[in-house]
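Chains as they are written, first to last, in my numbering: chain Z, 31 to 377; chain L, 31 to 377.
Since the structure comes first, as structure tokens, the remarks are kept for the end.
Protein chains: 2
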Amino acid sequence: MAERTYTVAIAGATGVVGTTVRQILEERAFPVGELRLLASERSRGAQLAFRGQDLTVETLGDDSFAGVDLAFFAAGGAASREYAPRAVAAGATVIDKSSVFRQDPAVPLVVPEVNADALEDHAGLIATPNCSTIQMVVALKPIYDAVGIRRVVVSTYQSVSGAGKRAVDALEHQAAQVVEGRPVEPEHFPYQIAFNLLPHIDSFLPSGYTREEQKMVDETQKIFADPALAVAATCVRVPVYGAHSEAVSVETKEKLTAAQARELLRRASGVEVVDDPGTLAYPTPLAAEGRDPVYVGRIREDETVANGLVMWVVADNLRKGAALNAVQIAEELARRGALGRRQRMLY
Amino acid sequence: MAERTYTVAIAGATGVVGTTVRQILEERAFPVGELRLLASERSRGAQLAFRGQDLTVETLGDDSFAGVDLAFFAAGGAASREYAPRAVAAGATVIDKSSVFRQDPAVPLVVPEVNADALEDHAGLIATPNCSTIQMVVALKPIYDAVGIRRVVVSTYQSVSGAGKRAVDALEHQAAQVVEGRPVEPEHFPYQIAFNLLPHIDSFLPSGYTREEQKMVDETQKIFADPALAVAATCVRVPVYGAHSEAVSVETKEKLTAAQARELLRRASGVEVVDDPGTLAYPTPLAAEGRDPVYVGRIREDETVANGLVMWVVADNLRKGAALNAVQIAEELARRGALGRRQRMLY
Numbered sequence: 031m032a033e034r035t036y037t038v039a040i041a042g043a044t045g046v047v048g049t050t051v052r053q054i055l056e057e058r059a060f061p062v063g064e065l066r067l068l069a070s071e072r073s074r075g076a077q078l079a080f081r082g083q084d085l086t087v088e089t090l091g092d093d094s095f096a097g098v099d100l101a102f103f104a105a106g107g108a109a110s111r112e113y114a115p116r117a118v119a120a121g122a123t124v125i126d127k128s129s130v131f132r133q134d135p136a137v138p139l140v141v142p143e144v145n146a147d148a149l150e151d152h153a154g155l156i157a158t159p160n161c162s163t164i165q166m167v168v169a170l171k172p173i174y175d176a177v178g179i180r181r182v183v184v185s186t187y188q189s190v191s192g193a194g195k196r197a198v199d200a201l202e203h204q205a206a207q208v209v210e211g212r213p214v215e216p217e218h219f220p221y222q223i224a225f226n227l228l229p230h231i232d233s234f235l236p237s238g239y240t241r242e243e244q245k246m247v248d249e250t251q252k253i254f255a256d257p258a259l260a261v262a263a264t265c266v267r268v269p270v271y272g273a274h275s276e277a278v279s280v281e282t283k284e285k286l287t288a289a290q291a292r293e294l295l296r297r298a299s300g301v302e303v304v305d306d307p308g309t310l311a312y313p314t315p316l317a318a319e320g321r322d323p324v325y326v327g328r329i330r331e332d333e334t335v336a337n338g339l340v341m342w343v344v345a346d347n348l349r350k351g352a353a354l355n356a357v358q359i360a361e362e363l364a365r366r367g368a369l370g371r372r373q374r375m376l377y
Numbered sequence: 031m032a033e034r035t036y037t038v039a040i041a042g043a044t045g046v047v048g049t050t051v052r053q054i055l056e057e058r059a060f061p062v063g064e065l066r067l068l069a070s071e072r073s074r075g076a077q078l079a080f081r082g083q084d085l086t087v088e089t090l091g092d093d094s095f096a097g098v099d100l101a102f103f104a105a106g107g108a109a110s111r112e113y114a115p116r117a118v119a120a121g122a123t124v125i126d127k128s129s130v131f132r133q134d135p136a137v138p139l140v141v142p143e144v145n146a147d148a149l150e151d152h153a154g155l156i157a158t159p160n161c162s163t164i165q166m167v168v169a170l171k172p173i174y175d176a177v178g179i180r181r182v183v184v185s186t187y188q189s190v191s192g193a194g195k196r197a198v199d200a201l202e203h204q205a206a207q208v209v210e211g212r213p214v215e216p217e218h219f220p221y222q223i224a225f226n227l228l229p230h231i232d233s234f235l236p237s238g239y240t241r242e243e244q245k246m247v248d249e250t251q252k253i254f255a256d257p258a259l260a261v262a263a264t265c266v267r268v269p270v271y272g273a274h275s276e277a278v279s280v281e282t283k284e285k286l287t288a289a290q291a292r293e294l295l296r297r298a299s300g301v302e303v304v305d306d307p308g309t310l311a312y313p314t315p316l317a318a319e320g321r322d323p324v325y326v327g328r329i330r331e332d333e334t335v336a337n338g339l340v341m342w343v344v345a346d347n348l349r350k351g352a353a354l355n356a357v358q359i360a361e362e363l364a365r366r367g368a369l370g371r372r373q374r375m376l377y
């Protein structure tokens with residue numbers, strides 16, 4: 031019997047996440063029957079390769095989702111808000127990268143290694159978390175399951191690709207301007223990002239936290255279904271291209287030694303431990319770029335609290351932080367026989 | 031009556047810190063009578079400007095300190111270990127940038143805004159703390175005095191100039207190699223630093239922490255004379271040239287609101303508050319480079335603990351983190367009439 035195939039759409043196909051979704055669908059041999067590449071009018075007619083064929087980018091519109099089984103949305107919040115409900119209404123299962131629906135109680139927010147079972151309750155739309163949240167919860171999961179977690183203090187070191195293609199271009203241009211001794215134009219970001227840091231990702235809330243920082247709180251609690259799990263975040267943009275890094279301090283409910291944590295993480299799904307100070311083995315964002323695992327290193331005990339652990343967590347924010355997690359959600363849905371055109375419409 | 035002047039030596043005069051000491055002595059019109067520039071044999075004969083005159087670099091040796099009132103040491107641990115005691119024996123007051131003597135109970139470890147009174151007990155040698163410690167304790171001081179501090183969790187974002195001139199050259203070379211599409215040679219650092227991060231500064235200890243991280247613990251406790259002050263640090267090298275940044279989470283003994291903390295910091299010596307999310311005002315390392323203050327921003331409450339505050343602390347690591355702090359120590363000694371050739375010898 032031939033394997034079931036799916037008609038798949040990518041909304042935002044020309045962006046950095048959409049591009050990576052297309053690559054990962056091919057790499058992982060996801061059973062795509064037909065692939066529809068959707069983007070804004072500006073990109074219409076562009077040719078993008080998939081499994082050796084050139085596909086033509088179409089304009090994202092009301093009629094884009096007829097016959098679509100599975101739609102990945104990575105075209106920004108406004109496009110998700112407008113078109114994701116229409117795709118669901120047309121019968122597609124939508125996996126949405128935007129933050130628009132993440133806190134909707136009817137929408138599962140899923141990292142397959144952590145809460146795949148939340149997919150059982152979906153009503154056509156599944157949200158994939160923010161990049162900075164995904165890699166952290168993958169690393170927290172085995173610890174959470176073993177001894178419980180009370181509180182997490184996290185400082186992020188986030189790459190420019192998390193801010194999209196123009197942010198990547200901005201770092202490239204500015205780095206060249208600095209190297210060549212030319213004046214630097216602070217395009218895209220409010221200040222120069224080359225050889226600089228900005229403690230500012232997404233907009234500021236009245237609390238003084240940024241939306242990016244608040245996402246790490248709200249999303250972590252939703253993914254673990256644990257509103258008592260305390261998270262305090264500082265999110266910082268750094269002049270790195272393709273992977274986010276995080277210094278994560280964890281207060282567990284029961285004691286876990288660094289050796290025990292290392293062993294749990296070694297066996298954990300989606301994690302690769304790189305942690306041997308003797309050989310200077312620790313994760314770096316450059317080494318993580320283009321790779322699938324969440325890399326964890328610098329695992330050590332924090333004796334300034336009763337049950338403290340510190341670790342350094344690095345992952346490619348376009349892969350596990352975005353496109354790979356979305357494709358893994360699709361694979362999990364397919365495995366559960368829950369992917370394909372549906373009759374029921376929520377929106 | 032003419033102002034008293036001092037015969038001053040700089041050991042390590044050709045390095046990044048020694049160069050900055052020379053500039054700051056001139057900028058601040060420190061009462062230098064004679065300036066002796068000392069370095070390794072390799073640099074002998076080099077000419078360096080001071081107050082419009084070219085001075086010739088001499089080789090650091092046993093006879094370098096005869097007649098010297100004040101010696102700044104910024105030539106690395108080995109040179110401090112060998113020559114700082116000889117300078118003290120020759121009657122000079124030594125201000126040492128290395129980590130060699132910092133934990134010696136007979137040696138005050140001083141940040142003038144925080145513990146200037148520790149200078150009263152010196153016996154010829156005063157240590158200036160590690161760059162990452164200095165800027166943190168300056169920002170913690172007004173909070174500590176107002177409500178007490180139980181615990182600090184800090185993640186650093188440290189510039190390459192903290193690792194010396196060759197580290198700066200390495201980032202410049204590597205950035206040019208990346209921009210020009212050439213292969214990158216990971217000189218100086220164990221891995222590429224351009225467009226990358228290394229969670230590794232100084233060597234690893236058996237605890238899994240680095241010496242840099244342990245310094246932040248030990249030095250903070252010594253400077254506040256408070257061995258119960260808990261500090262957990264993660265130190266990370268970032269591709270930035272001239273200032274260190276730190277995400278600092280503080281648990282105070284009594285409640286302090288963000289507004290109260292901001293007001294205390296505004297009035298604090300050595301601090302400049304840059305904290306207005308509405309106008310995107312926050313400290314960045316590029317803006318701090320070449321400047322004297324410790325910049326503090328992103329001040330907000332952390333409601334995941336009883337009395338929590340978070341802030342973002344940025345300072346030029348060659349100035350306040352090294353040379354400026356050393357010169358400020360000398361100024362404080364001069365103000366106290368405690369600078370000049372001494373008879374008593376400890377070493």
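We put the CB at the ideal spot given by N, CA and C, even for glycine.
Run the proximity test for residue i: is its beta-carbon closer than 8 angstroms to any non-hydrogen atom belonging to the ligand GDP?
| i | result |
| --- | --- |
| V144 (chain L) | This structure simply doesn't include the ligand GDP, nor any ligand for that matter. |
With DSSP collapsed to three states, give me the class of residue i.
| i | result |
| --- | --- |
| G308 (chain L) | helix |
| E333 (chain Z) | coil |
| N317 (chain Z) | Contrary to the premise, residue 317 (chain Z) reads as Ala rather than Asn in this sequence. Helix. |
| T282 (chain L) | strand |
| L348 (chain L) | coil |
| R296 (chain Z) | helix |
| L376 (chain L) | Confidence at L376 (chain L) is low in this model, with a pLDDT of 46, below 50, so the placement of that residue is unreliable and no value is reported for it. |
| G385 (chain L) | For chain L, the structure presents residues 31 to 377; residue 385 (chain L) sits outside this window and is missing. |
| E276 (chain L) | strand |
| T37 (chain Z) | strand |
| M31 (chain Z) | Only weak support exists for where M31 (chain Z) lies, its pLDDT of 49 falling under 50; the value from the coordinates is given anyway. Note: M31 (chain Z) maps to coil in three-state DSSP. |
| R328 (chain Z) | strand |
| L339 (chain Z) | strand |
| E210 (chain L) | coil |
Report the CB separation of residue i from residue j in whole angstroms; it is logged as a contact under 8 angstroms.
| i | j | result |
| --- | --- | --- |
| V266 (chain Z) | Q188 (chain Z) | 7 angstroms |
| T140 (chain L) | K171 (chain L) | Strictly speaking, residue 140 (chain L) in this sequence is Val, with Thr absent from that position. So it is not a contact: roughly 13 angstroms between Cβ atoms. |
| R180 (chain Z) | K283 (chain Z) | 6 angstroms |
| L339 (chain L) | A291 (chain L) | 6 angstroms |
| F103 (chain Z) | A109 (chain Z) | 7 angstroms |
| T89 (chain Z) | E71 (chain Z) | 5 angstroms |
Residues in the segment 156-183 of chain L having any Cβ partner in chain Z nearer than 7 angstroms: R181, V183
Pull out every residue of the segment 214-227 of chain Z whose Cβ sits closer than 7 angstroms to any Cβ of chain L, in chain order. P220, Y221, Q222, F225, N226, L227
So, do the segment 319-335 of chain L and the segment 262-280 of chain L have three or more beta carbon pairs nearer to each other than 8 angstroms? yes
Identify each residue in the segment 307-318 of chain L for which the Cβ-Cβ distance to at least one residue of chain Z is less than 9 angstroms, and report them in chain order. P307, G308, L310, Y312, P313, T314, P315, L316, A317
Can you give, in chain order, each stretch of the alpha helix (DSSP H) that sits fully within the segment 63-140 of chain Z and has at least 4 residues? 107-119
So if I threshold CB-CB distances at 7 angstroms, which residues from the segment 235-246 of chain L count as touching chain Z? S237, G238, Y239
Using Cβ-Cβ distances below 9 angstroms, what residues of the segment 317-337 of chain Z are close to chain L? A317, G327, R328, I329, R330, E331, D332, E333, T334, V335
4-residue-minimum alpha helix (DSSP H) runs that sit fully inside the segment 133-201 of chain L, ordered along the chain: 142-145, 161-177
Selection of the segment 273-291 of chain Z by Cβ proximity to chain L, strictly under 8 angstroms: S275, A277, S279, A288
Whether or not the segment 194-208 of chain Z and the segment 230-244 of chain Z are in contact is what I'm after, with contact meaning three or more pairs of Cβ atoms, one per stretch, closer than 8 angstroms; do they touch? no
Unbroken stretches of the alpha helix (DSSP H), 4 residues or longer, contained in the segment 215-269 of chain Z: 241-253
Are three or more beta carbon pairs between the segment 162-169 of chain Z and the segment 321-335 of chain Z nearer than 8 angstroms? yes
Three Cβ pairs or more, each shorter than 8 angstroms: is that satisfied between the segment 43-52 of chain L and the segment 357-369 of chain Z? no
Would you call the segment 326-336 of chain L in contact with the segment 292-306 of chain L, where contact means no fewer than 3 C-beta pairs closer than 8 angstroms? yes
Kindly confirm or deny that the segment 121-140 of chain L and the segment 56-65 of chain L touch, where touching means at least three C-beta pairs closer than 8 angstroms. no
Near-chain Z residues of the segment 257-274 of chain L (beta-carbon distance less than 8 angstroms), N- to C-terminal order: A260, V261, A262, T264, V266, V268, P269, V270, Y271
Is it true that the segment 206-221 of chain L meets the segment 248-255 of chain Z, where meeting means three or more beta-carbon pairs spaced less than 8 angstroms apart? no
On the three-pair Cβ rule with 8 angstroms, is the segment 158-165 of chain L touching the segment 348-361 of chain L? yes
Contact residues within the segment 203-214 of chain L, judged by C-beta distance below 9 angstroms to chain Z: A205, A206, V208, V209, E210
What are the residues in the segment 337-360 of chain Z lying within 8 angstroms of chain L by C-beta distance? G338, V340, W342
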